[in-house]
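Input: a single structure, listed below in structure tokens.
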Amino acid sequence: MATKAIERRACGVALLTTCFLLCALFGYTAFALAKYSPVYTSIRCKSGGSKMEEVHVSLSGITAEGYAVMDCFNPNPYPMVLRQAGEDFVDEVYAENGGLELASVGIARIPAVRFETMGRGNLTAILEFNLGAWQAAVLLAWNR
287 MATKAIERRA CGVALLTTCF LLCALFGYTA FALAKYSPVY TSIRCKSGGS KMEEVHVSLS
347 GITAEGYAVM DCFNPNPYPM VLRQAGEDFV DEVYAENGGL ELASVGIARI PAVRFETMGR
407 GNLTAILEFN LGAWQAAVLL AWNR
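Taking my numbering, I'd label the letters of the sequence shown as residues 287 to 430.
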């Protein structure tokens with residue numbers, strides 16, 4: 287009879303120890319999940335302004351170069367590098383062309399930028415505009 291009681295106590299201690307170990311594993315998993323979730327937090331940016339340079343006006347149209355700067359903050363606990371999809375990849379720049387229509391007016395290139403852990407950086411888009419004479423006249427007349 288005494289041996290059955292000892293066996294039951296040993297089984298109870300083993301089950302209680304297993305329960306504590308599983309609770310500790312659950313606590314560690316919950317802590318790690320809270321620490322690393324979300325895996326990625328969006329970078330927060332505010333407009334830092336833009337500037338047009340090298341504007342050339344001719345009978346064939348308007349060409350211009352410029353840049354737009356955004357002041358960004360990386361809230362993630364790791365550094366991040368942002369770059370365009372590829373070396374030859376460019377984005378198009380659009381302007382409203384009378385009513386609901388959008389017209390392509392140029393291209394934008396974004397050089398790679400590194401944001402340190404919990405750090406700030408400037409994201410710069412290099413803009414190149416090329417408007418034909420008629421398109422420039424319509425845009426200027428519409429956006430008065």
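Don't be surprised by glycine CBs; every beta carbon is placed ideally from N, CA and C.
Between A350 and V341, the beta carbon gap of about 4 Å places them in contact (Cβ cut-off 8 Å). Beta bridge pairing from DSSP links Y353 with K337 and I412. Boundaries of the beta strand (DSSP E) harbouring L388: L388 to R395, taken from the DSSP string. Apart from sequence neighbours up to five positions away, the residues of its chain that approach G392 with a beta-carbon distance below 7 Å are V379, L413, E414, F415 and N416, ordered along the chain.
Using a 10 angstroms sphere on the CB of I292, the tally of other CB atoms stays under 16, which defines it as exposed. For V367, the enclosing beta strand (DSSP E) has its first and last residue at M366 to L368.
With the rule of 3 Cβ pairs closer than 8 Å, the segment 321 to 338 does not count as touching the segment 288 to 302.
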